[in-house]
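This report refers to the structure that appears directly beneath it.
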Amino acid sequence: MDFGFTNTEWFFGTMIMDKLNEIYGFQVVVNNLGNFAMGAVLTLEITFFSILIGMVLGLIAALGRMSRMKIINFISVSYIDFFRGTPLFVQILLLYFGVIPLVFDATPVQAAIIACGLNSGAYVAEIVRAGIQAVDKGQMEAARSLGMTHGQSMRFIILPQAFKIVIPPLINEFVMLLKDTSLVSAISAHELTHTGKMLYASTYQAVWVWGAVCVFYFIMTKVISMLGDWTERRLAT
Amino acid sequence: MIVVKNLHKSFDKLEVLKGIDCHIHQKEVVCVIGPSGSGKSTFLRCINRLEEAQQGQIFIDGEEVTAPNADINRIRQEMGMVFQLFNLFPHKTTLENVTLAPIKIKKMSKEEAEDIAIGLLRKVGLGDKDHVYPSQLSGGQKQRVAIARALAMQPKVMLFDEPTSSLDPEMVGEVLEVMKNLALEGMTMIVVTHEMGFAREVGHRVFFMDEGILMEEGTPAQIFDNPQNPRTQAFLSKVL
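From first to last, the protein sequence lines stand for chains S and W. Each residue of the first sequence is one higher than the one before, starting from 503 at the first, in this note's numbering. Each residue of the second sequence is one higher than the one before, starting from 1235 at the first, in this note's numbering.
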């Protein structure tokens, strides 16, 4: 007979597959892998653009918070306080149903990006501020003593050093942000959690559907933290 | 060249400088000595306005540094400063540390700035360390790079804030040697130091400060061999 070792393995493999295929929940997940993937892609899109907005706002707000100009300082502090002091979920609802319609007609995804971006900016601001303040103050003095302006010293001396310090907490913030985008399912942006809601509503396969959603989120956050580790290692000189 | 008039400086309620008056001439090397907390470093830092004095005036070549509308960034370009803790830029190579300010502030071309920087690094004995990062240098080497960095802006005055105080003893000599050569070239220097040997040998004048007051000044011979003020006598009897 030519039933070799590999064939036996294949035999047991199919047996497991056959058993699994008898389970309804498994079928639901397998048949909807495409839908999950589409949801995951939208989750990534929302996260990506929110990070962009958050980084820009965060840097501005961090510098504003350290500014000696009272108005700029007040605006920055109010912005940071509001978005850190209220739930993201409520912010999403307020912005999508309340504030944004006053300005323009936004799709749920646009509103999601704006809300998550604004929220993330507040956290990034505090991370950046901590990073800047962690740079030894002798660095600023040395730069100023050479005749650089405050702005030049920030740009050439302080921020490049703060950047390195800030990477680990920033990566953490991106991971949190990616997970927090699940909240925008409340305004029907068709990202991963929303995909899960729809599938669960039509199949009632809670363990399989939400389990699959978790696996997708986990893969995405893992990739982000691996990218972070890689950047950190590259900059560690 | 440098004129200081009635300089007062307080940190909150603590009065650190209680009216300093002095006159420093071109090409003069002034060493400021005195016990810790006497205001020596604060005095030095007021000169390039790293600390803002509350009262009094400082003039460099007739220009008032302490004027509210003074272009402090330009004035600082003419005053090099060397710090106790070196304060080299850790994310830049030795060469970049030296070329950064000339390129960014004086808008010098990279080639020209590097030519000057290599020359300065050779002068401080580190011509072979141009592509090394500060973390790979010893304390003495770091401080010599810091001197080269300050010199790259071609300053008229060099301010030294305890340049050898955080160095291991065997590295003090190499830094003092560089400073001595600089003095011989005719650089105007104000050196806050605990190196009495250096003050005696290289200094043209010595200031003794205590409790925020310039207690006594004179040539090294006057201060070290024949101090008049009892405070100076007491201090020197402890350190010499």
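Backbone N, C-alpha and C fix where the C-beta goes; we use that ideal spot for every residue, glycine too.
Element boundaries [alpha helix (DSSP H), containing Gly1431 (chain W)]: For the purposes of this step, residue 1431 (chain W) is taken as residue 197 along the second sequence, with counting starting at 1. Run containing Gly1431 (chain W): 1430 to 1436, per the alpha helix (DSSP H) assignment.
Quick check: Ser1275 (chain W) and Val1426 (chain W), are their CB atoms within less than 8 angstroms of each other? The sequence position of residue 1275 (chain W) within the second sequence is 41, counting from 1. The sequence position of residue 1426 (chain W) within the second sequence is 192, counting from 1. Against a cut-off of 8 angstroms, the Cβ pair of Val1426 (chain W) and Ser1275 (chain W) comes out as a contact.
Segment contact flag, the region 1384 to 1397 of chain W with the region 1313 to 1320 of chain W, C-beta cutoff 8 angstroms, min 3 pairs: yes
Mind pulling the beta strand (DSSP E) runs of 3 or more residues that sit fully within the region 1279 to 1320 of chain W? Counting whole runs of 3 or more residues, the region 1279 to 1320 of chain W contains the beta strand (DSSP E) stretches 1289 to 1294, 1313 to 1316.
Let me check understanding here. Comparing Cα to Cα, which of W:Glu1451, W:Glu1429, W:Lys1239, W:Pro1454 lies closest to Val1406 (chain W)? Residue numbering aside, residue 1406 (chain W) sits at position 172 when the second sequence is read from its first letter. Ranking the options by Cα distance to Val1406 (chain W), first place goes to W:Glu1429.
Residue range of the alpha helix (DSSP H) that includes Met540 (chain S): Here residue 540 (chain S) refers to the residue found at position 38 of the first sequence. Note, Met540 (chain S): alpha helix (DSSP H), 535 to 568.
Is the CB of Asn1208 (chain W) under 8 angstroms away from at least one CB in chain S? The structure shown has nothing for residue 1208 (chain W), since chain W only spans 1235 to 1474.
Taking Phe550 (chain S) as the reference, which of S:Ser622, S:Arg567, S:Met568, S:Val592 has the closest Cα? In the first sequence, the residue the question calls residue 550 (chain S) occupies position 48. Of the candidates S:Ser622, S:Arg567, S:Met568, S:Val592, the one whose C-alpha sits nearest the C-alpha of Phe550 (chain S) is S:Ser622.
Which term fits Pro1394 (chain W), buried or exposed, when burial requires 16 or more other beta carbons within 10 angstroms of its beta carbon? Here the question's residue 1394 (chain W) lines up with position 160 in the second sequence. Contrary to the premise, residue 1394 (chain W) reads as Phe rather than Pro in this sequence. Under this definition Phe1394 (chain W) is a buried residue.
Just checking my contact of Thr705 (chain S) with Val530 (chain S) at CB under 8 angstroms: how many whole Å lie between their CB atoms? Within the first sequence, residue 705 (chain S) is the residue found at index 203, counting from 1. Within the first sequence, residue 530 (chain S) is the residue found at index 28, counting from 1. Yes, they are in contact, since the Cβ atoms of Thr705 (chain S) and Val530 (chain S) sit about 5 angstroms apart, within 8 angstroms.
Return no unless some Cβ of chain S is closer than 8 angstroms to the Cβ of His1325 (chain W). The residue labelled residue 1325 (chain W) in the question sits at position 91 within the second sequence. Yes, its Cβ sits closer than 8 angstroms to a Cβ of chain S.
Where Lys1341 (chain W) sits in the DSSP three-state scheme: Taking the first residue of the second sequence as 1, we reach residue 1341 (chain W) at position 107. Reduced to three states, the DSSP call for Lys1341 (chain W) is coil.
Rounded to the nearest angstrom, what separates Gly619 (chain S) and Phe658 (chain S) at their Cα positions? Looking up residue 619 (chain S) in the first sequence gives position 117. Looking up residue 658 (chain S) in the first sequence gives position 156. Rounded to the nearest angstrom, the two C-alpha atoms are 27 angstroms apart.
Closer than 9 angstroms by beta-carbon distance: list the chain W residues that pair up with Glu643 (chain S), in chain order. To locate residue 643 (chain S), count along the first sequence from 1; it is residue 141. Close partners of Glu643 (chain S) in chain W (Cβ separation under 9 angstroms): Arg1279, Leu1284, Met1315, Phe1317, Asn1321.
Which of the three DSSP states, helix, strand or coil, is assigned to Gly1253 (chain W)? Here residue 1253 (chain W) refers to the residue found at position 19 when the second sequence is read from its first residue. The answer is strand: DSSP assigns Gly1253 (chain W) an E or B state.
Could you list which residues in chain W have their beta carbon closer than 9 angstroms to that of Arg567 (chain S), in chain order? Start at 1 with the first residue of the first sequence, and residue 567 (chain S) comes out as number 65. Within chain W, no C-beta atom comes less than 9 angstroms from the C-beta of Arg567 (chain S); the nearest is roughly 23 angstroms away.
is_contact[Ile659 (chain S), chain W] using C-beta, thresh 8 angstroms: To locate residue 659 (chain S), count along the first sequence from 1; it is residue 157. Closer than 8 angstroms to some Cβ of chain W, the Cβ of Ile659 (chain S) qualifies, so yes.
Measuring alpha carbon to alpha carbon, tell me which residue in W:Val1366, W:Asn1307, W:Asp1255 is nearest Val1237 (chain W). Translated into positions along the second sequence, residue 1237 (chain W) becomes position 3. Measuring from the Cα of Val1237 (chain W), the nearest candidate turns out to be W:Asp1255.
The beta strand (DSSP E) with Ile1424 (chain W) in it runs from where to where? Start at 1 with the first residue of the second sequence, and residue 1424 (chain W) comes out as number 190. For Ile1424 (chain W), the enclosing beta strand (DSSP E) starts and ends at 1422 to 1426.
Could you tell me the alpha carbon to alpha carbon distance between Gly638 (chain S) and Met700 (chain S), rounded to whole angstroms? As a working mapping, residue 638 (chain S) is identified with position 136 in the first sequence. As a working mapping, residue 700 (chain S) is identified with position 198 in the first sequence. Residue 638 (chain S) is actually Asp in this sequence, not Gly. Distance between the alpha carbons of Asp638 (chain S) and Met700 (chain S) is about 52 angstroms.
Just mark Phe584 (chain S) as buried or exposed, buried being the case when its beta carbon has 16 or more other beta carbons within 10 Å. Your numbering for residue 584 (chain S) matches position 82 in the first sequence. Classification for Phe584 (chain S): exposed.
Quick check: Ala563 (chain S) and Ser552 (chain S), are their CB atoms within less than 8 angstroms of each other? Locating residue 563 (chain S) in the first sequence gives position 61, where the first residue counts as 1. Locating residue 552 (chain S) in the first sequence gives position 50, where the first residue counts as 1. Contact: no.
Could you please give the first and the last residue of the uninterrupted alpha helix (DSSP H) stretch that includes Glu643 (chain S)? Along the first sequence, read from residue 1 onward, the residue named residue 643 (chain S) stands at position 141. Unbroken alpha helix (DSSP H) run through Glu643 (chain S): 639 to 647.
Which same chain residues end up closer than 8 angstroms to Glu1327 (chain W) when comparing Cβ atoms and leaving out the 5 residues on each side of it in sequence? Here residue 1327 (chain W) refers to the residue found at position 93 when the second sequence is read from its first residue. The residue asked about is misnamed: residue 1327 (chain W) is Thr in this sequence, not Glu. Within the same chain, Thr1327 (chain W) has close Cβ partners Asp1364, His1365, Val1366, Tyr1367.
How big is the Cα-Cα spacing for Phe720 (chain S) and Glu1345 (chain W)? Translated into the one-based positions of the first sequence, residue 720 (chain S) becomes position 218. Translated into the one-based positions of the second sequence, residue 1345 (chain W) becomes position 111. Rounded to whole angstroms, Phe720 (chain S) to Glu1345 (chain W) spans 50 angstroms at the Cα level.
Curious, which full-length alpha helix (DSSP H) runs of at least 4 residues does the region 667 to 705 of chain S contain? 694 to 705
Taking CB distances under 8 angstroms as the criterion, tell me whether Ser690 (chain S) reaches chain W. Residue numbering aside, residue 690 (chain S) sits at position 188 when the first sequence is read from its first letter. False, the Cβ-Cβ gap to chain W never drops below 8 angstroms.
Any chance the region 657 to 671 of chain S sits against the region 590 to 602 of chain S, with 3 or more Cβ pairs inside 8 angstroms? no
Counting only beta-carbon atoms, is Met1387 (chain W) nearer than 8 angstroms to chain S? Counted from its first residue, the second sequence places residue 1387 (chain W) at position 153. Yes, because at least one Cβ of chain S sits closer than 8 angstroms to the Cβ of Met1387 (chain W).
Using the Cβ count rule (16 or more neighbours within 10 Å means buried), how would you classify Thr1398 (chain W)? Reading the second sequence from its first residue, position 164 is the one you call residue 1398 (chain W). Around the beta carbon of Thr1398 (chain W), 16 or more other beta carbons lie within 10 angstroms, which makes this residue buried.
Neighbour flag for Lys1338 (chain W) against chain S, beta carbons, 8 angstroms: Residue numbering aside, residue 1338 (chain W) sits at position 104 when the second sequence is read from its first letter. The Cβ of Lys1338 (chain W) sits closer than 8 angstroms to at least one Cβ of chain S.
Within 8 angstroms (strictly less), CB to CB, does Arg646 (chain S) reach chain W? Walking along the first sequence from the start, residue 646 (chain S) turns up at place 144. Cβ-Cβ to chain W under 8 angstroms: yes for Arg646 (chain S).
Give the straight-line distance between the Cα atoms of Arg1279 (chain W) and Gly587 (chain S), rounded to the nearest whole angstrom. Along the second sequence, one-based indexing puts residue 1279 (chain W) at 45. Along the first sequence, one-based indexing puts residue 587 (chain S) at 85. Roughly 41 angstroms separates the two Cα atoms.
Could you spell out the range, first to last residue, of the alpha helix (DSSP H) harbouring Ile629 (chain S)? The residue given as residue 629 (chain S) occupies position 127 in the first sequence. Taken as a continuous stretch (DSSP letters only), the alpha helix (DSSP H) holding Ile629 (chain S) covers 610 to 636.
Below 8 angstroms between beta carbons is the criterion; list the residues of the region 1352 to 1379 of chain W that meet it against any residue of chain S, in chain order. Tyr1367
Since Phe1442 (chain W) and Met1449 (chain W) are thought to touch, with beta carbons under 8 angstroms apart, how far apart are those beta carbons, to the nearest angstrom? Looking up residue 1442 (chain W) in the second sequence gives position 208. Looking up residue 1449 (chain W) in the second sequence gives position 215. With a Cβ gap of about 5 angstroms, Phe1442 (chain W) and Met1449 (chain W) count as contacting.
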